[in-house]
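Below is one structure, written out as structure tokens; comments come after it.
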Amino acid sequence: MGLLDVFRPDEVVRSVDEIDLDALAARGIEGLLIDVDNTLLAYGLPDLAPERLAWAEQACRRFRVALVSNSMTGRRARRLANAFGIPCVAVWHWDRKPFTGGLRRAMRLIGSTPENTAMIGDQVMTDVLAGNRAGLYTIWVERIGENEFFFTRMVHRRMEEFVARRLGFDRDQHKDGGEAIQR
Ligand SMILES: [Mg+2]
């Protein structure tokens with residue numbers, strides 16, 4: 386175990402619809418916490434792409450699902466959560482990812498525990514780090530779009546690249562078809 390291992394996702398996929406729900410269930414996962422921006426929705430766009438919509442509908446049927454979004458208003462996340470009839474936690478200040486307060490709140494809402502919950506998101510520095518710190522199974526998804534907050538682009542993504550290089554996982558890895566990473 387190295388110092389950077391807290392950044393290492395358990396799984397790397399190209400898009401949420403590549404996440405194998407059977408495999409998650411077989412692993413004992415019952416709850417899914419899903420990031421919104423650039424994981425389900427392209428930044429600034431209101432609707433899910435058809436393949437992601439189909440995946441999300443199936444996920445909501447089979448698992449207890451909550452959305453966890455770093456957002457001051459949570460408007461986009463809430464709208465999406467309402468459409469699926471699932472809870473949504475919009476986190477800011479000291480609850481925001483990579484802090485774990487929002488994840489714990491979301492797990493309380495869906496009645497799951499770290500042992501049986503997966504965190505799915507496009508950012509190592511927020512989603513994966515928060516999930517690992519809270520003891521969840523973590524899945525890193527390639528971001529949907531190139532557009533994002535200036536700070537995310539300039540700071541988080543550079544750190545993400547550094548960490549991914551050091552730990553030997555990167556975005557090219559799932560170009561070959563999303564293989565699981567051994568911890
Ligand atoms: Mg995101």
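Residues are numbered in our numbering as their position in the sequence shown, beginning at 1, plus a constant of 385. Where a beta carbon is used, it is the ideal one built from N, C-alpha and C, also for glycine. Source: prediction; values computed, not measured.
Take Gly496 and list the residues in its own chain whose beta-carbon comes closer than 7 Å to its own, dropping the five residues that flank it on each side. Looking up residue 496 in the sequence shown gives position 111. So the qualifying residues of the chain are Arg449.
What residue range is occupied by the uninterrupted beta strand (DSSP E) comprising Ile524? The residue you call residue 524 lines up with position 139 of the sequence shown. Here the beta strand (DSSP E) through Ile524 covers 522-526.
Name the DSSP bridge partner or partners of Leu452? Residue numbering aside, residue 452 sits at position 67 when the sequence shown is read from its first letter. Here Leu452 is bridged, per DSSP, to Ile419, Cys473.
When the Cα of Ala503 is compared with those of Arg412, Arg399, Gly387, which residue comes out closest? Within the sequence shown, residue 503 is the residue found at index 118, counting from 1. Comparing Cα positions, the closest option is Arg412.
Strand pairing of Leu425, partner residues [DSSP]: As a working mapping, residue 425 is identified with position 40 in the sequence shown. BP columns for Leu425 are empty, so no partner.
Validate contact between the stretch 449-461 and the stretch 389-406 using beta carbons, cut 8 Å, 3 pairs: No, the stretch 449-461 is not in contact with the stretch 389-406.
What is the rounded straight-line gap between the Cα of Leu433 and the Cα of Ile471? Stepping through the sequence shown from its first residue, residue 433 is reached at position 48. Stepping through the sequence shown from its first residue, residue 471 is reached at position 86. Between Leu433 and Ile471, the C-alpha separation is close to 15 Å.
Where the alpha helix (DSSP H) through Glu442 begins and ends: Walking along the sequence shown from the start, residue 442 turns up at place 57. Counting along the chain, the alpha helix (DSSP H) containing Glu442 begins and ends at 435-447.
Given the structure, does Asn423 come close to ligand 1, in the sense that its CB is under 7 Å from one of the ligand's heavy atoms? Position 38 of the sequence shown, counted from the start, is the residue given in the question as residue 423. Checking the Cβ of Asn423 against ligand 1 gives yes.
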